[in-house]
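So the structure is just underneath, and the comments pick up after that.
Below, the structure written as structure tokens:
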């Protein structure tokens, strides 16, 4: 079921929307957790180290898939919020096609360079063969990873986070059983672990794509849908590429840190492998919640509801902290028992290193989650540069500190690189968010929607305008810079209201059609560039790509505040907690 994130209380809307996302990513993490569990329990520490070593490289491929997820999700949700369903479907098909091309290139690189990459990160020779085997099989399954992530992004953009959750829950639980079957019964070793993941991811991918197509079929559109659009690809890439760069940069940084850890031997590698799985379970899960915040923000940006963006930020903080604090306590006080799930020997030194990592890192999850929520808002409104600056600062600090602290403090110094990087980057993200000018962003979004409307078939809108006004002088809206407002809607004597309608927002505001960044006045101003005549509320929905809440205009609305003069409006600056907006008040 598609869900409109632009209505309802933000806190309850986000809880209902984000919890299935949180559950989905936990089940997705179960794939690798199950692989590590079976490898450690049924094969041994070397197999656990091999799976963990290869996993850091697979994160680079996942970064590209996740970037496609984010790019598609943000653009589709923006079109969904603006009710531009034709463009929404075009964005879906465009992302699938471009994602397939990108996936093919990555598969080629992965298969040809897997051994060279493993040698470059100081992989011990005793686990090199198993690491390469696991990595090669994973690369063959990349299409499943790509198309599943894109499909979940589409579901999230349309407000449905439950459907992919059910698919992933079933496939990840099945993966545990197949892992055990292939390893303990068929004695397939590390290859059995990899092939089990391959099969289960394939099933969840196929189901997700099928249901996306069925869901899109139910969304009513007019005219022929473009299967591929270069402009839409560019819009998607503007969001996806920075996310890919960010995630890839993080993965490369983690690989560099992995190479530092590999120098300590297989015991430290095994302990770190188990502990980083638990850490990634938290960080990746909350990164997915951050994507949910981006969807919420993007839909409300498209619907021109900036006040909900602010409320969504604070609601998001409440959600992530409610989940992060209990997880922190579990990791600090029960981390040893969790790590034993992956290890055979209770007295193993690998266990001590894993506990050491969780004890140092997990208390700082509260800081990390605050950064992720702020990042979600920044991504949702399209401010990728500042988001990337904060994220890259975190990673660069982490890599440098790991390299510097390792010879000075040993493994403890490496582990402390995480909290320090998180603290600095969190401060940066919050500062960037507080200084963001949301009124300018809303103006930019309005211009984009206006351009899309101008590029639509002007004859259709002109015909509608002619029918409504009873006149035959409709003009091409794609080239005209003037708006004809029918005398049946606004009389000549209503000078004040007509002045408002032609003032290009100067001195007036309305509930949702006012100047970008303003809130809540009931005067009826309409920007001249909207280029459509209106006769009654019921016909407002005929405007291509416009939200009915944004364009409702009737004789009753206009006469309701007939005595209001544009000159009586005063521009004020209203502060909303963490955010500042320019609004117009009477």
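Residue numbers (the numbering used here): 1020 to 1605.
Think of the CB as a built atom: it goes at the ideal place given N, C-alpha and C, for glycine as much as any other residue.
Would you identify the three-state DSSP class for residue i, choosing helix, strand or coil?
i	result
residue 1373	helix
residue 1024	coil
residue 1299	helix
residue 1117	helix
residue 1143	coil
residue 1242	coil
residue 1527	Here the model assigns residue 1527 a pLDDT of 40, short of 50, so the residue's position is not dependable, and the following value carries that caveat. In this structure, residue 1527 counts as coil in the three-state DSSP scheme.
residue 1606	The structure shown does not extend to residue 1606, since the chain spans only 1020 to 1605, so no value can be given for it.
residue 1160	coil
residue 1177	coil
residue 1379	helix
residue 1509	With a pLDDT of only 38 at residue 1509, under the threshold of 50, the placement of this residue in the model should not be trusted, and no figure is reported.
residue 1402	coil
residue 1151	helix
residue 1126	helix
residue 1322	coil
residue 1085	helix
residue 1205	coil
residue 1284	coil
residue 1638	In the structure as shown, the chain starts at 1020 and stops at 1605, and residue 1638 therefore has no counterpart that could be examined.
residue 1683	Residue 1683 lies beyond the residue range present for the chain, which begins at 1020 and ends at 1605; the question has no answer from this structure.
Between which residues of its own chain and residue i is the CB-CB distance below 7 Å, once the five residues before and five after are set aside?
i	result
residue 1168	1084, 1085, 1087 and 1088
residue 1163	1220, 1221 and 1224
residue 1412	1443, 1444 and 1447
residue 1259	1086, 1087, 1089 and 1090
residue 1026	none
residue 1228	1166 and 1170
residue 1252	1113 and 1117
residue 1122	1161, 1162 and 1165
residue 1226	1186
Leaving aside the five residues before and after residue i along the sequence, list all residues of the same chain whose C-beta is less than 6 Å from its C-beta, in chain order.
i	result
residue 1129	1158
residue 1079	1267 and 1270
residue 1354	1374 and 1377
residue 1187	1043, 1046, 1047 and 1223
residue 1172	1088, 1091 and 1092
Cutting at 8 Å between CB atoms, please list the residues of its own chain near residue i, excluding the five before and the five after it.
i	result
residue 1050	1191, 1194, 1216, 1219 and 1220
residue 1434	1375, 1376, 1379 and 1380
residue 1314	1024, 1036, 1092, 1093, 1096, 1175, 1176, 1178 and 1399
residue 1115	1166 and 1169
Taking the alpha helix (DSSP H) that residue i falls in, what are its first and last residues?
i	result
residue 1257	1249-1281
residue 1102	From DSSP, residue 1102 is part of no alpha helix (DSSP H); its letter is neither H nor E.
residue 1186	1181-1199
residue 1447	1430-1453
residue 1036	1029-1057
residue 1335	1325-1358
residue 1237	1208-1237
residue 1060	Segment: none, residue 1060 is in no alpha helix (DSSP H) and carries neither H nor E.
residue 1399	1384-1399
Measure from the alpha carbon of residue i to the alpha carbon of each residue in the options, then state which is nearest.
i	options	result
residue 1290	1107, 1375, 1304 and 1100	1375
residue 1418	1312, 1441 and 1396	1441
residue 1284	1352, 1068 and 1416	1068
residue 1340	1027, 1034, 1118 and 1026	1034
residue 1403	1264, 1327 and 1337	1264
residue 1278	1075, 1029 and 1099	1075
residue 1420	1250, 1302, 1443 and 1262	1443
residue 1405	1368, 1456, 1356 and 1425	1456
residue 1145	1401, 1070, 1306 and 1103	1070
residue 1057	1362, 1385 and 1393	1362
Is residue i buried or exposed, if buried means 16 or more other CB atoms sit within 10 Å of its CB?
i	result
residue 1141	exposed
residue 1372	buried
residue 1358	buried
residue 1429	exposed
residue 1356	exposed
residue 1329	buried
residue 1202	buried
residue 1039	buried
residue 1174	buried
residue 1623	There is no way to answer for residue 1623, as the model of the chain reaches only from 1020 to 1605.
residue 1332	buried
residue 1450	exposed
residue 1102	buried
residue 1073	buried
residue 1454	exposed
residue 1383	buried
residue 1205	exposed
Measuring only from the beta carbon, is residue i closer than 8 Å to any heavy atom that is part of the ligand PLP?
i	result
residue 1278	Among the components of this structure there are no ligands whatsoever, and the ligand PLP is therefore not found.
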